[in-house]
Amino acid sequence: MFGKLSWAAIPFDQPIPLIAGSIVIFVVLAVIAWIVLSGHLPYLWREWVTSVDHKRIGVMYVLLGLVMLLRGFIDAIMMRSQQAFAYRTPGYLPPEHYDQIFSAHGTIMIFFGAMPLVIGLMNFVVPLQLGVRDVAFPTLNSVGFWLTATGALLVNLSLVIGEFSRAGWLPYPPLSELTYSPGVGVDYYLWALEISGVGTLLAGINLITTILKLHAPGMTYMRMPMFCWTALASNLLIVAAFPILTATLTMLVLDRYFGFHFFTNEAGGNMMMFVNLIWAWGHPEVYILVLPAFGVFSEVVSTFSRRPLFGYRSMVAATMAICIISFTVWLHHFFTMGGGADVNAMFGIASMIIAVPTGVKIFNWLFTMYGGRIVYSTPMLWAIGFMVTFVIGGMTGVLLAMPPADFVLHESLFLVAHFHNVIIGSVLFGAFAGYAYWFPKAFGFRLHEGLGKAAFWLTLVGFYVVFVPLYIAGLSGMTRRLQHFDVAAWRPWILIAAIGILIMACAAACQIAQLVVSIRQREALRDQTGDPWNGRSLEWATPSPPPAFNFAVLPNVRGEEAYWGMKQRALEQAKLGEEPAYVDIEMPRNSPTGFVCAFFATFMGFALIWHIWWMVGLAALGAYATFVVFAWRDKDEYIIPAETVARIDRVNRSARNAVLARHEGAP
Amino acid sequence: MNTPEQPQQSRFGALLHAAPFGNLNGSADNLEPLRCPRVLNARTARCAVFLAPLLLTACQVVVLDPKGPVGLANKTILIDSLAIMLVIVLPTLVATLAFAWWFRTSNARAFYLPEWAYSGRIEMIVWSIPLMVIMLLGGVAWIGSHDLDPAKPLASTTPALEVQAVSLDWKWLFIYPSQGVASVNRLVVPAGAPIHFSLTSASVMNAFFVPQLGSMIATMNGMTTQLNLQADAPGTFHGLSSQFSGDGFSDMHFDVLALPAEQFTAWIEATRKTGPILTPETYTALTRQSVNIRPFTFRAVTAGLFQQIITRQLPPGPGPEAGRPNPSVSPRTEK
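From first to last, the protein sequence lines are chains A and B. This note's numbering numbers the first residue of the first sequence as 3 and each following residue consecutively. This note's numbering numbers the first residue of the second sequence as 11 and each following residue consecutively.
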């Protein structure tokens, strides 16, 4: 009846996952109970769960990303503390548990921490920057988000029901094959990523279509803000790379479920094919994450240096060059598999070539700061911290791209330090910069600056205290994923890294405190004008938070830095443009399609993991029925009357007139 | 500018010896130019005394302290590439911090360019500098990849010792085909002679790595990889698997014992006298999962056993017994 599922799947014998799981379940139930009892459920359902508004979906993505970031960070604390204890002792986490922790850490951080953060920022910002009212496929957007949430839910479910993968965040066969990993852990991994991978692909298709097909009048490609360009490149990579991931994981599914032999030891399987395919997705994935972060920094550095972005066309060229070259470097993840000198050298050189456009970007940010008037707000601190950290990470990356050097550094803690150096230094810093930068746009009030700066400095210091020792441990021959070790030379570095993670924990506490304090002091931090940073792109032309339709009348774009130009013209003429003629606006209706579909997908994934075939059938039927119902609906839009639009826009205009008047009075 | 033939160890060692006398600046004259930064003063020297335990362990940065020609070449290329990149990276870091500081809003002396967004000359420089650096590094990568191809035999007058290495769950088996003996979890080699490894795996992927000797290589079931290494002088080196291979992975380390040639011959002779024989049966027993196997040797090996492993005539390891947690893995039971 329930396939492989039985009471034995609950880890009653293991206190750590049991207690952790109980706490999580308790918190989730408490939150749900509070929502229901305080009567927020209808609001939540109407305004958020079923929302197809790109801003709401973007916010939900970011929220998911932040929560999962915390989960992944707890894993990181456990890994660092286990290694700190486990010198000539077994530590407190047995291997079968420790292996799950580092596998879950990588999986969660990349797929459910970093990805939702960058997709969330793109979802929220790109339509606003393009001067349009929504993404191309609003309901599809909601489906994509909820499928990602399904994947996150399945991974976290493995904490209390069964186990998670013990084969690393990329489950190399034959270790991940049924022979060597007979448990459900790898199946949790596979189905979580199969389902969320579909969600990511949908998000990618949606954003590409939006960027290519939807623009405000006059918003040509070469007038798009840099963030839109990096979003375009990132989503092109999603659409090109995620099908590879889905196909590869499907092959592993076939191996595990139907006795196929794609990657097995026996019957002609070849594990090297898996390694090739997974990295053919895996390396572009790095740029899927990092390019939007580059976009955030372009916006932030320009805004807070009070200057236009230096070398805009050069930046566009560099972005698209990275987009293409990133598909030609994947083999550098396995120089040590014996590929031969020619192959290794070619891929090593290709990997180094990526450093050229990346270097150009660094220099262009540098020259954007040159001659600027730099304001040290929290987003700008993240940007400067990024430039320093990322240059160092890039340098160690080029070292690893040098095959003969990689031969002594591969899979060592040097490698671990390198990719954390670039991913934390760019993606995480970028996400936090974007979070602080666009938070007032999303919620109408700024984040607390003091706590934000404290979080930045603690993160920066904590990061170096963790990862510089790991670089040295790697040079001392320490490999990654060790549950215990008995080499004395590694120990001091591991202990220093453990201190570093405590500093980073303080940083995380500051981030949480910042959010809480900012919400409590929201009246004092209120953004009255919709343009708290003196911004340059169109999202700052809308009130904070923007109305559902974003723009009362689509803006007429006359050059790069569309909103900056409008502001300059308003200043010259000492008045805003004439009040436009307001008309009715058609907006897409909310739809529970995404949520219901993900609801069924969750059951389907769970049933597939535990071989509960009847539930697989029912859930598949349910998901299909959801789409049929959606496809047959008659009314898919609603009208916002012109009067409502006018009323909302007049408030916005009066706020801007007040700013203009202040500006007139100032000199 | 770098001194690859001077191992890092001596640099830290010199620092430690000098520190108690408190005259680092004076003693630095006796050292290599790179050894001791002259900014060190007496106070840092006193600190060094307190930090001595830390530095003592710190000096075992083994990748920078190679004991064979391959490791030395790896290290040289590592240091050279780093130096080439620092030429561009250091000025960039300095410029970032300097620009960020100088152009702060409160600095009245800094000029302001509110419109400036393009300069063809700067564009050309920012594209061509990284490009030239990468062309140089690309050349290093091409030559280095070919010189240090793991399959390339080492130049030596001594004939290479053949070793067949097999990674098992979770231990290492080293077969000496010419000598007809085998060893588990300890690799004994003659110092000063090249060693040619043929490597495979009995089950999942692993990687064979002796940091002080240089390059690592993956081991995969049904496939053979090649690796050439050499220990220049006698010594004991730490070896390990550097590709995660499951629950017993942390214990997949082994000692490499480099012996003078005559002692190596003696070891072979002694090994031939005691211990079990490595036959398909004993090999199959060895493929079952286990951890913390004390090093032991086989006095004889069935001819062609390695061939039977790589052609899968001897089946791959069986993996774990059913159940959770895995009953065959009870961490650190022996020892």
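Even glycine gets a Cβ: it sits at the ideal position worked out from N, Cα and C.
Rounded to the nearest whole angstrom, the C-alpha separation of A:G567 and A:T595 is 40 angstroms. Under DSSP, A:M589 forms a beta bridge with A:Y640.
Contact of A:P173 with chain B is not assigned, every C-beta pair being separated by 7 angstroms or more. Excluding five sequence positions before and after A:L130, the CB atoms of its chain that fall closer than 7 angstroms to its own CB belong to L540, E541, T544, P548, N552, given in chain order. Beyond the five residues adjoining it in sequence on each side, A:I496 comes within less than 6 angstroms, by CB distance, of Q85, A86 in the same chain, given in chain order. The three-state secondary structure of B:G249, taken from DSSP, is strand.
Residues of chain A whose Cβ lies closer than 7 angstroms to the Cβ of B:E133 are, in chain order, G313, S316. A:S478 belongs to the set of residues whose beta carbon lies under 7 angstroms from a beta carbon in chain B.
Close to B:S91, with beta-carbon spacing below 8 angstroms, are these residues of chain A in chain order: V400, L401, M404, A407. Shown here is that no member of the stretch 283-294 of chain B has a Cβ falling below 7 angstroms from a Cβ of chain A. In the DSSP assignment, B:W182 falls within the beta strand (DSSP E) that extends over 181-186. Listed along the chain, the chain A residues whose CB falls inside 8 angstroms of the CB of B:G81 are V410. Per DSSP, the continuous beta strand (DSSP E) segment holding B:Q174 begins and ends at 171-178.
Between the alpha carbons of A:E165 and A:D189 lies a gap of roughly 10 angstroms. Following the DSSP letters along the chain, one finds B:H206 in no alpha helix (DSSP H) but inside the beta strand (DSSP E) bounded by residues 204-211. With 16 or more other Cβ atoms inside 10 Å of its own Cβ, A:Y289 counts as buried. Chain-order list of chain B residues neighbouring A:A435: empty, with the shortest C-beta distance near 14 angstroms, by a criterion of under 8 angstroms. Contact with chain B is absent for A:N659, since none of that chain's Cβ atoms lies less than 7 angstroms from the residue's Cβ. In chain order, F306 place their CB closer than 6 angstroms to the CB of A:V377, counting only its own chain and leaving out the 5 sequence neighbours on each side.
Minimum Cα-Cα distance from A:F465 among the listed residues A:M228, A:A35, A:R448, A:N423 corresponds to A:N423. In this structure, the CA atom of A:I76 is about 48 angstroms from the CA atom of A:R664. Relative to the Cα of B:A228, the nearest Cα in the group B:S251, B:R131, B:G245, B:Q240 belongs to B:S251. Per DSSP, A:F87 is one residue of the alpha helix (DSSP H) stretching across 56-87.
Look at the stretch 537-610 of chain A and you find these whole runs of beta strand (DSSP E), each 3 residues long or longer: 587-590. Its chain contains no residue whose beta carbon lies nearer than 6 angstroms to that of B:L315 once the 5 sequence neighbours on both sides are disregarded. Residue environment: B:E133 is assigned as buried (16 or more neighbouring CB atoms within 10 Å of its CB, all protein chains considered).
Residue environment: B:L96 is assigned as exposed (fewer than 16 neighbouring CB atoms within 10 Å of its CB, all protein chains considered). In its chain, beyond the 5 residues on either side, P405 have a beta carbon closer than 7 angstroms to the beta carbon of A:A347. Residue pairing by DSSP puts B:S193 in a beta bridge opposite B:F184, B:T307.
Apart from sequence neighbours up to five positions away, the residues of its chain that approach A:T330 with a beta-carbon distance below 7 angstroms are A352, ordered along the chain. Rounded to the nearest angstrom, the gap between the Cα atoms of A:V303 and A:V120 is 18 angstroms. Membership of B:M95 in the alpha helix (DSSP H) is indicated by the continuous run 79-112.
Comparing alpha-carbon positions, the option among B:A201, B:L147, B:S213, B:E125 lying closest to B:V176 turns out to be B:S213. Here B:D257 carries a coil assignment [DSSP, helix/strand/coil]. Contacts with chain A (Cβ-Cβ distance below 9 angstroms) from the stretch 178-195 of chain B involve D179, listed in chain order.
Looking at the backbone, the Cα of A:R375 and that of A:T338 are separated by about 48 angstroms.
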